[in-house]
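One gets my numbering by counting positions in the sequence shown from 1 and adding 41 to each.
We treat Cβ as the ideally placed atom computed from N, Cα and C, and that holds for glycine.
Read the structure below first, then the notes.
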Amino acid sequence: MRPKERRDSGQTDMFRARLDQIVDTNHALARLGRAIDWRFLEERLGAVYTDAPGHPPLPTRLMAGLAILKAMHDLSDEALCDRWLENPYYQLFCGEEFFCHRLPFDRSSMTRWRQRMGEERLNALLQESLATATRTGAAKPADFTTAIVDTTVQPKAVAHPTDAKLMQRSRERLVRLAKTLGIDLRQSYERVGKYALIKQQRYAHAKQFKRANKALRTLRTYLGRVIRDIVRKTKGDAELEAAVAHELMLARRVHAGNRNLIPLRGQPKDADLRVFSLHAPEVECIGKGKAHRPYEFGVKVSVATTLKRSKGGQFVTHVAALPGKPYDGHTLATVIPAIERQVGATLTRIIADAGYKGHNAPQSHRVKVYISGQKRGMTDAIRREMKRRAAVEPVIGHLKADHRMGRNHLAHAIGDAANAVLAAVGYNFRRILAWLKLFVAFIQAAIISLFGTRQTAAAA
Numbered sequence: 042m043r044p045k046e047r048r049d050s051g052q053t054d055m056f057r058a059r060l061d062q063i064v065d066t067n068h069a070l071a072r073l074g075r076a077i078d079w080r081f082l083e084e085r086l087g088a089v090y091t092d093a094p095g096h097p098p099l100p101t102r103l104m105a106g107l108a109i110l111k112a113m114h115d116l117s118d119e120a121l122c123d124r125w126l127e128n129p130y131y132q133l134f135c136g137e138e139f140f141c142h143r144l145p146f147d148r149s150s151m152t153r154w155r156q157r158m159g160e161e162r163l164n165a166l167l168q169e170s171l172a173t174a175t176r177t178g179a180a181k182p183a184d185f186t187t188a189i190v191d192t193t194v195q196p197k198a199v200a201h202p203t204d205a206k207l208m209q210r211s212r213e214r215l216v217r218l219a220k221t222l223g224i225d226l227r228q229s230y231e232r233v234g235k236y237a238l239i240k241q242q243r244y245a246h247a248k249q250f251k252r253a254n255k256a257l258r259t260l261r262t263y264l265g266r267v268i269r270d271i272v273r274k275t276k277g278d279a280e281l282e283a284a285v286a287h288e289l290m291l292a293r294r295v296h297a298g299n300r301n302l303i304p305l306r307g308q309p310k311d312a313d314l315r316v317f318s319l320h321a322p323e324v325e326c327i328g329k330g331k332a333h334r335p336y337e338f339g340v341k342v343s344v345a346t347t348l349k350r351s352k353g354g355q356f357v358t359h360v361a362a363l364p365g366k367p368y369d370g371h372t373l374a375t376v377i378p379a380i381e382r383q384v385g386a387t388l389t390r391i392i393a394d395a396g397y398k399g400h401n402a403p404q405s406h407r408v409k410v411y412i413s414g415q416k417r418g419m420t421d422a423i424r425r426e427m428k429r430r431a432a433v434e435p436v437i438g439h440l441k442a443d444h445r446m447g448r449n450h451l452a453h454a455i456g457d458a459a460n461a462v463l464a465a466v467g468y469n470f471r472r473i474l475a476w477l478k479l480f481v482a483f484i485q486a487a488i489i490s491l492f493g494t495r496q497t498a499a500a501a
């Protein structure tokens with residue numbers, strides 16, 4: 042069933058005051074709520090629903106507004122629920138007419154809504170943020186014809202992986218699963234496995250690596266025995282084999298020491314099958330050459346921003362998670378058409394760093410890609426633009442520090458893609474919000490200056 046969308050009825054209540062009567066309608070958040078084209082979002086995001094009978098879902102403006110506020114102010118779902126209940130501007134932004142003293146939604150509703158929308162539908166929020174920036178004067182359409190493209194790592198909310206911790210954790214998960222399924226194991230190794238992990242960590246800290254490796258082999262032995270015991274006890278029972286198949290697959294990959302792994306059918310021979318987190322096996326180890334952080338565990342993300350700084354600042358025009366650790370230059374074949382679909386304009390120029398050498402940009406497009414250090418075809422205007430290539434770095438920093446890209450808490454590969462898009466949505470709307478505040482302050486200063494001049498002239 043399709044959601045029952047909210048419309049301003051204009052009705053009043055004898056016992057309740059309307060929100061637009063108790064708040065400042067010139068507040069930046071109220072102005073932003075009026076500037077967003079909610080009908081467009083209802084059409085794009087509501088397309089996932091059908092007309093089949095069932096319980097009606099929550100209104101699109103409510104859920105989309107919650108997603109924007111969460112990403113814009115770097116809030117968890119729980120914190121957003123608490124703040125929404127006490128902030129009338131948040132409720133007005135989400136389409137409420139009267140102040141709510143109880144939540145009309147549940148915290149888990151936000152999780153289910155994100156999963157239902159997916160990356161493709163959430164991109165409508167990013168597209169609307171760019172359209173809103175144009176309508177409010179924070180950006181001009183010409184600003185979206187050139188772009189800076191770069192990649193970064195979106196870390197996952199996982200503990201730093203070590204072989205010892207992974208083996209101990211994998212054995213514990215197998216033992217717990219066996220107890221749940223009623224499989225009687227020969228031995229669980231709960232007590233001795235715990236002490237073996239403690240020994241390994243202490244020996245490694247003391248740089249006694251021979252003893253640490255011996256304790257690691259002990260942990261591997263315990264894990265291997267549990268794996269073989271479960272395989273023997275479930276052999277011939279199709280239902281039990283299916284129930285333990287996923288955990289056994291992860292345990293075997295951990296037991297192999299994350300090396301000498303054979304790719305599965307359909308995967309390339311050089312596929313990275315190492316496991317860095319048991320509850321998030323999609324996590325990848327990515328090295329970006331940073332001295333303070335040689336390796337990061339998450340997924341690679343492509344970020345595209347406007348080249349010129351407009352009135353409202355620099356906006357993110359496209360963001361996408363790139364699982365599989367692709368080479369930066371080999372991502373432009375999909376990134377360039379996606380940027381053009383997002384901004385609704387044809388790109389003319391892209392600026393990138395040296396990591397995009399040997400790129401595979403589509404030859405059919407008129408866009409020209411310029412790489413840092415390039416000599417051929419450079420003019421004075423292009424050289425000036427190349428000096429702004431590093432402007433994408435502070436944008437990435439804000440995405441990570443202020444908009445929840447620095448540590449992704451959303452589950453699975455779908456959560457990686459959704460979190461990256463929502464971070465860009467929050468960044469863009471925060472820039473628009475800052476522009477609206479500045480614009481209102483500029484108008485107020487102009488009015489004060491004008492009336493102050495008239496009063497001075499009248500007094501004279």
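Counterpart residues of residue i in DSSP-defined beta bridges
{"i": "P196", "result": "G339"}
{"i": "V344", "result": "D191 and V360"}
{"i": "G328", "result": "Y336"}
{"i": "S351", "result": "G354"}
{"i": "F139", "result": "R59"}
{"i": "N449", "result": "K197"}
Opening and closing residue of the alpha helix (DSSP H) in which residue i lies
{"i": "R153", "result": "R148 to R176"}
{"i": "V384", "result": "L373 to V384"}
{"i": "M419", "result": "Run containing M419: none; DSSP gives neither H nor E here."}
{"i": "V436", "result": "V433 to D443"}
{"i": "Y131", "result": "P129 to F134"}
{"i": "V64", "result": "It is not in any alpha helix (DSSP H) - V64 carries neither H nor E in the DSSP assignment."}
{"i": "Q209", "result": "D204 to L222"}
{"i": "L73", "result": "A69 to A76"}
Residue i versus residue j: straight-line alpha-carbon distance, rounded
{"i": "A58", "j": "F140", "result": "7 Å"}
{"i": "V216", "j": "T259", "result": "17 Å"}
{"i": "G438", "j": "N449", "result": "15 Å"}
{"i": "A486", "j": "V340", "result": "46 Å"}
{"i": "I268", "j": "R210", "result": "13 Å"}
{"i": "F185", "j": "A76", "result": "20 Å"}
{"i": "L116", "j": "G74", "result": "19 Å"}
{"i": "K366", "j": "V342", "result": "9 Å"}
{"i": "D225", "j": "K274", "result": "8 Å"}
{"i": "M419", "j": "E84", "result": "44 Å"}
{"i": "A336", "j": "K206", "result": "First, the residue type needs correcting, since residue 336 is Tyr and not Ala in the sequence shown. Between Y336 and K206, the C-alpha separation is close to 18 Å."}
{"i": "G354", "j": "R472", "result": "6 Å"}
{"i": "Q168", "j": "F356", "result": "11 Å"}
{"i": "Y411", "j": "I391", "result": "6 Å"}
{"i": "M104", "j": "A361", "result": "22 Å"}
{"i": "S170", "j": "A292", "result": "44 Å"}
{"i": "Q415", "j": "R350", "result": "23 Å"}
Start-to-end residues for the beta strand (DSSP E) that takes in residue i
{"i": "A393", "result": "R390 to A393"}
{"i": "K409", "result": "K409 to I412"}
Residue i in three-state terms, based on DSSP
{"i": "N301", "result": "Residue placement at N301 is flagged as unreliable, the pLDDT there being 47, under the threshold of 50; a coordinate-derived value is accordingly withheld."}
{"i": "I109", "result": "helix"}
{"i": "S229", "result": "coil"}
{"i": "V267", "result": "helix"}
{"i": "H287", "result": "helix"}
{"i": "L82", "result": "helix"}
{"i": "L477", "result": "helix"}
{"i": "S117", "result": "coil"}
{"i": "P97", "result": "coil"}
{"i": "V2", "result": "There is no way to answer for residue 2, as the model of the chain reaches only from 42 to 501."}
{"i": "Y468", "result": "helix"}
{"i": "Q242", "result": "helix"}
{"i": "A179", "result": "coil"}
{"i": "F317", "result": "coil"}
{"i": "A292", "result": "helix"}
{"i": "S490", "result": "helix"}
{"i": "E46", "result": "coil"}
{"i": "L144", "result": "coil"}
{"i": "G523", "result": "The structure shown does not extend to residue 523, since the chain is modelled only from 42 through 501, so no value can be given for it."}
{"i": "N460", "result": "helix"}
{"i": "G370", "result": "helix"}
{"i": "N254", "result": "helix"}
Taking contact to mean 3 or more Cβ pairs, one atom from each stretch, closer than 8 Å, check whether the stretch 377 to 386 and the stretch 216 to 223 are in contact. Touching, no.
Would the stretch 423 to 435 and the stretch 122 to 133 be scored as touching if the rule is three or more Cβ pairs under 8 Å? no
Evaluate the contact criterion for the stretch 188 to 205 versus the stretch 326 to 340: three or more CB pairs, one atom per stretch, below 8 Å. yes
Can at least three beta-carbon pairs, one atom from the stretch 170 to 181 and one from the stretch 231 to 243, be found at a separation below 8 Å? Segments in contact, no.
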